[in-house]
Amino acid sequence: MSRPSSDICLLPLTFYRLLKHMVVLLFFGKEYKSQKKQITHSFFLLSNYSFVNYYQDSGQRWIVTDSEALIQTEEMDIKVLSSMWPEDVGTQADNRFNVEKPAGDSDTLKEVDIAEKRTMADLKRLPELMNMTNQGSSQLTNLVKQWEYTQDHAVKLFKEEVKILTRQREEAEAKELKIIEEHNFETQEPENVPVLDDTMYRGFKHKKRVKIDEEFDTVAYWKQKALSLEKMLEATPVEKLTQNLKRAEGFLHFILQNAPIVMGHQDKDLRYLFIYNKFPTLREQNILGKTDVEIFQGVGVKESEDFKREVLEKGKASKKEITFETELFGSKTFLIYVEPVYNKAREKIGINHMGMEVTDQVRKREKMAKLREDNAVRKAMESELNKTIHVTMLKLCHRMNFLLLFVAMFFIHILPEFTHLKLRSQERLSSDLCTVHSSPSFSVNLPVIGAGEEKLLIKMACEMETDQTEEMDIEVLSSMWPEDVGTQADNQFNVEKPAGDSDTLKEVDIAEKRTMADLKRLPELMNTTDQGTSQLTNLVKQWEYMQDHAVKLLREELKILTKQREEAEAKELKIIEEHNFESQEPENVPVLDDTSHLFRRFKHKKRDALVGSKRVEIDEEFDTVQYWKQKALSLEKMLEASTERERRLIEKLNESLKTMESHSAPVEELTQNLKRAEGFLHFILQNAPIVMGHQDKDLRYLFIYNKFPTLREQDILGKTDVEIFHGGGVKESEDFKREVLEKGKASKREITFETELFGSKTFLIYVEPVYNKAREKIGINYMGMEVTDQVRKREKMAKLREDNAVRKAMESELNKTIHITEETMRAKQMLATMSHEIRSPLSGVVGMAEILSTTKLDKEQRQLLNVMISSGDLVLQLINDILDLSKVESGVMRLEATKFRPREVVKHVLQTAAASLKKDLTLEGNITDEVPIEVVGDVLRIRQILTNLISNAIKFTHEGKVGIKLKVISVPSFASGMELNADAEEQNGLTETETSVWIRCDVYDTGIGIPGKRNRTRRQKALPCLFKKYMQASADHARKYGGTGLGLAICKQLVELMGGQLTVTSQVNAGSTFTFILPYKVATSDDHSDDQDFSDMVDHHQPEPDDTTEGYFQFKPLLGSIYSNGGPVIGNNSFLPHKVMLTSPLKRINGFVSDTSNNTAQSETTQVENNGYIDETRLETCSGPCPSKETESCSSSQASSEGGALEMESELTVSSRREEEETETTKPKILLVEDNKINIMVAKSMMKQLGYTFDIANNGVEAITAIKGTSYDLVLMDVCMPVLDGLKATRLIRSYEESGNWDAAIEAGVDIKISENEQACVHSTNRLPIIAMTANTLAESSEECYANGMDSFISKPVTLQKLKECLRRYLH
Amino acid sequence: MLGLGVDRLQADINRLLTSLFHQGVLDEQFLQLQQLQDETSPTFVYDVINIYFDESEKLLRSLRLLLMDREFSDYKKIGLHLNQLVGSSSSIGARRVRNVCVAFRSASELNNRPGCLRGLEIVEHEYHYLKNMMHELFQLEQQRLLAAGVRYPM
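In the order they appear, the protein sequences are chains A and B.
As numbered in the numbering used here, residues 1 to 1372 make up the first sequence, in order.
As numbered in the numbering used here, residues 10001 to 10154 make up the second sequence, in order.
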């Protein structure tokens, strides 16, 4: 069972099924329009049932893949196959169908018709309709089943048919194969077997008998005999025959004589019986009767003999290419064709062999193969090299990571120094510091790190050295090229190579030794650190150079390879051209000699002179005795003479016979000889796969040998190739012949013919021009040998060799790559380990330092500590970044699909950015209307990208604006065609059914821009390397703006991970625009069920419906106290509605103002933390008493916003202290009556924030006691309290105020110790404002509060705003 | 990401908070609480919430004891406890705890024992939920604090 036929058979089947399904579809569409759902359901059932998947291929053709059908047909195959054996299977299958065929086929349709009529049914008929529907669906199922059965049936039928066809074909094929085999080895066709037929020779041996019908010994008899003999003598057919034969043979020999062909016949002992075109120096007797081995010595002889013997044994004709290396003719390759020879008894009696010299062909082929190999290898190498380059880049990146780690360790190194220093310098050691210092893990860890660092240093140094040696390699390598390239590269490297490589290392070592430095050495240390930093920068630079270098190296190698390849290709082309014409043997020019000796040799025999007839003359009188006597006498005489003549004649005859015999002997011998040779020749040639021909100068055939069997001679002779054949190769061969004719040089070529007549065959064609005596070209001889199988074999071999070579090359390259990868992996592993190793002690350090920071420290200590913490945090962050990046790189990072609102994301990103904005910048967001309200994507990553780009933009923008622009675009070019990146689809959770949208997001700024070209710097262009890791536009930028250069790399990777593209356009001093295009799925609005998207919730929380569609946001820097009047607190939190100005610098300054401690990092931390929530009241309180200070600090902060926090700190500290003093003096006395600890804490904190302090009473009794003892300006009274609640307590206080005594209180059971003078004192006070704090429950209504003598009330929970309002009202 | 980690953590915090607000677990009072935190009391929110949890734990325990007692009839005490809980919950802005406490309290006022039991259950559930959320929040906050302390000394 062959695959193709079943495929062919499947095609109609497929169409059949397609048609069937279409019918079903149509049927559904028409009948059940009103019951769409039901139908859809049924259809799903149906489609599920038969596993039919329709899908549209790229050509918009509908294709049906039917997996089940395939399975079924295969099953069927088995069944049908077995039916070949027992006969009942066919009927069995039939039976099965009949049995299982569902009944009621036509009925179903009828009922469906009925159902259709009822589609207009009203509501009352709904149940009925439902019934009908159910019925319908069951009928549908039936139908479906039936269809399937029919289909099965049809499939079976088809299958069976296919079976039969296949079998027939197989049989035919088998037969064909047999025939082919037969033809190959000619065993079956006795008529075709080369049998040495001696009748061929015998025919010429027959002597013709002279038949004379006259009476013996009469004159007539003799006369007749003489005549006939004469005739016989005269008309020997030998010559004519010979001539004819000679003509053909002449051509044959003529063609063969110069053809590079050797032919021979060997007996079964492989002794030569005949050889044609033997090696010129060998005489015939040297060859005949001998074997190959006896004649030749050298390589290949044995092989050829073995091959011949093999053929003889196997009895199958075969071809083989054998290369001979003999002393006689050097190294020559022959394509040898050997066929066994049988005698009539069908016994093997020897072999015919024919060899064609193909040395040059083989050589050419070898060269080609080698070239191809080389090419393939080169290509493979190239690709591998590219890989290697990539890997190397990766490796270099990892090295960079190491470097960063090294930097990190350097920081770690600094940290303890700070601590150490501080500890030494300050006499008073805080206990926390002690912990830090004496923490065993800490002190143990440090040396370890130190050691590690040293190791790293050593390792780095080593690597540097190796890199340097690599550089040396380049120098050597580049010398192969025009010198200027190498030197140029060299110069570049030399010029830009940072100096002081080894020195750097030394100095770092020195720095390391100084860890125990005391305070006096602080400046020194700082110096060292600076030095270290610069050295680090140097190191980093050097690393970059190294990397560049390596990459350059690899690139160069690549270039070389490419060039070599190109050269090789060029060479190949040349070789091909050259080899097309390779004959250099002009002396061998075959000249068609029409007066050749062959023709001359056999000359017309000269006719022997015949004896003239004599007249009998009688001179006597007629009819006398004398007359008669005389007559008789004369007659007698005549008779005598006649007899004499006869005798003579007989003698002559004998003589002539003798001469004839003697004459015919050489002819016969010659003929025989010729015949023998020719016999051998023909015998050898007749079965050999050789075609020979002679064509005139118009390329018309004059002679052809071994033509294609179906062509008659007259079909060929006088015609050209093109006239005879059609198809591929014919034209080529004709052209080739013509070329040979024109160039006059014999040549060989392999041409593949693709003709209708004999299919695809490859011939090795040898063509030589033919000259006449005047040395004019009169035509060509051509000889073709069929080498199809050889060529095929050879192609296969070449391919194999090629593959092998490629594989080898790949292997070696792969080994290299593997080596590098392993190294990289090891580096990665080490990186991870080191990261971890560093992280744990570092977090210890940072953690301890943070604990330390919560204790009381003086300004200097705090400052140092902050530096320490921030440095530590930076290192931690760095490590995290590195890990983050490697996560993206290794593809571990997974994207998740969540629903989100792009507008809100943009808004929040801008808000966040605005909150931490330190510059006078306008942030704006612009979203076009067509951007969907909700889309699905990985909002977290998108935010990350946006935030990163925005913060980048802000970092490099000093004035103007930074913004985000969103708009919908059509499918971009990089994604078109594939509709959506499959990966991204998967990652984003998109499926094909859902609509997706491409959104282009521009993050633009008016900043310094990115230089497209840089002249002086090492990098030619900054833009291309912008997205590379650790790359910044330039070293200057790195110094000025900080950062690791990882951000954009991560952004790019993330965008690409999501199936998008990140690009950048920039103009120096005008700004840059980063654009990323991402596909999103458009969220369907109906399912909100599991929507837990947070940005979405913001909207629910904030009752602003237009926020979802708002397309423009702006956040402007706030200057002055525009916002000082204080809106609702909530208005300034992070959920700020759009278009509300989000303050940037001033708010932060307020934070500083109220900051009583002199810390920077910590305060900023809090601000960032609070970012949006920064309370407005602080601003108020501050701006109230000291507006001037605020502006002052504002300007200072703006001035120093970039320079770092340290400078501005001092000023701020001053201002805040001054303020603090002022507020101290005007402190009113407040009593808080509250039982709830939490409430107390909160209230206390609020008061503190507002600049007040208060006393606390836990219940009414305590409150009364307190009031009795101290005069308060305000009482905040909780209503609901144990022991004595707020209302009662208030009543008692009021009664005291009125009566001047605490009687009421005492009555109420409050134990109050009263001293009289105190009482008097208190009495003088005014009405004490008592403010209730109510939870607004039923029991604590405001009316009740007022009724009980309270002045006001604050509803719980107390907010700062309320408290402030309240205090303002009652304290001023 | 350098500096970006802060934003991410901040975004996480904001998101968590937003969700809590959205769910009604917290209300604006919590923001008040956050605003009260400053350099002088950098762990104010944390402290307050911790105390709140300590106190509430105690209250809930005693509430459970009271309600589990078959012979109990001291609805007033329950009411007092609940008052406490309501007060402190509203102070920190634990809106949902507060609301279920109020419901609980009204049940106790009606001397509705099954109602009280159910109320207690709900309160406990809400309380634990809040506690978990707060725990998460503080963890995030702590990470963010670490990240926010990053400075570039170049």
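By construction, the Cβ of each residue, glycine as well, lies at the ideal position given by its N, Cα and C atoms.
Please go through the same chain and pick out, in chain order, the residues whose beta-carbon is closer than 7 Å to the beta-carbon of residue i, but skip the five residues on each side of it.
| i | result |
| --- | --- |
| A/K268 | L312, K348, I349, G350 |
| B/V10045 | L10033, Q10034, Q10037 |
| B/G10024 | R10095, R10096 |
| A/V377 | A805, V806, A809 |
Considering only DSSP beta bridges, list what residue i is partnered with.
| i | result |
| --- | --- |
| A/S318 | A/V338 |
| B/N10083 | Answer is none; B/N10083 lacks a bridge partner. |
| A/G264 | A/I275, A/H353 |
| A/P1079 | A/W998 |
| A/Q1067 | A/G1071 |
| A/G693 | A/I704, A/Y782 |
| A/D730 | Rather than Asp, the amino acid found at residue 730 of chain A in this sequence is Val. Answer by DSSP bridge pairing: none, since A/V730 is not bridged. |
What is the DSSP secondary structure of residue i, reduced to helix, strand or coil?
| i | result |
| --- | --- |
| B/M10133 | helix |
| A/I999 | strand |
| A/F1115 | strand |
| A/Q297 | coil |
| A/P902 | helix |
| A/E934 | coil |
| A/L857 | coil |
| B/Q10023 | helix |
| A/Y1272 | coil |
| A/R283 | coil |
| A/D1235 | coil |
| B/F10053 | helix |
| A/G1009 | coil |
| B/P10042 | coil |
| A/T720 | coil |
Tell me whether residue i is buried or exposed, calling it buried when 16 or more other Cβ atoms sit within 10 Å of its Cβ.
| i | result |
| --- | --- |
| A/N673 | exposed |
| A/T912 | buried |
| A/F1152 | Below a pLDDT of 50, predicted positions are generally treated as unreliable, and A/F1152, at 39, falls in that range; no measurement from the model is reported. |
| A/M797 | exposed |
| B/L10031 | buried |
| A/R1148 | Bear in mind that the predicted position of A/R1148 carries a pLDDT of just 38, short of 50, making it too unreliable to give a figure here. |
| B/Q10139 | exposed |
| B/M10068 | exposed |
| B/P10114 | exposed |
| A/R749 | buried |
| A/A1347 | exposed |
| B/R10105 | buried |
| B/Q10058 | Here residue 10058 of chain B is Lys; the residue named in the question, Gln, does not match the sequence. Exposed is the call here. |
| A/D698 | exposed |
| A/I999 | buried |
Taking 6 Å as the limit between beta carbons, can you name the residues of its chain near residue i, skipping five residues before and five after?
| i | result |
| --- | --- |
| A/L335 | E321, M356, V358 |
| A/L1232 | A1243, F1254, I1256, L1276 |
| A/D1278 | V1233, E1234, G1286, M1333 |
Given that residue i touches chain D, what residues does it touch there, using C-beta distances under 8 Å?
| i | result |
| --- | --- |
| A/K1356 | Of the protein chains in this structure, namely A and B, none is chain D. |
Once the 5 residues before and after residue i are set aside, which same chain residues still bring their CB inside 8 Å of it?
| i | result |
| --- | --- |
| A/V722 | V730, K731, E734 |
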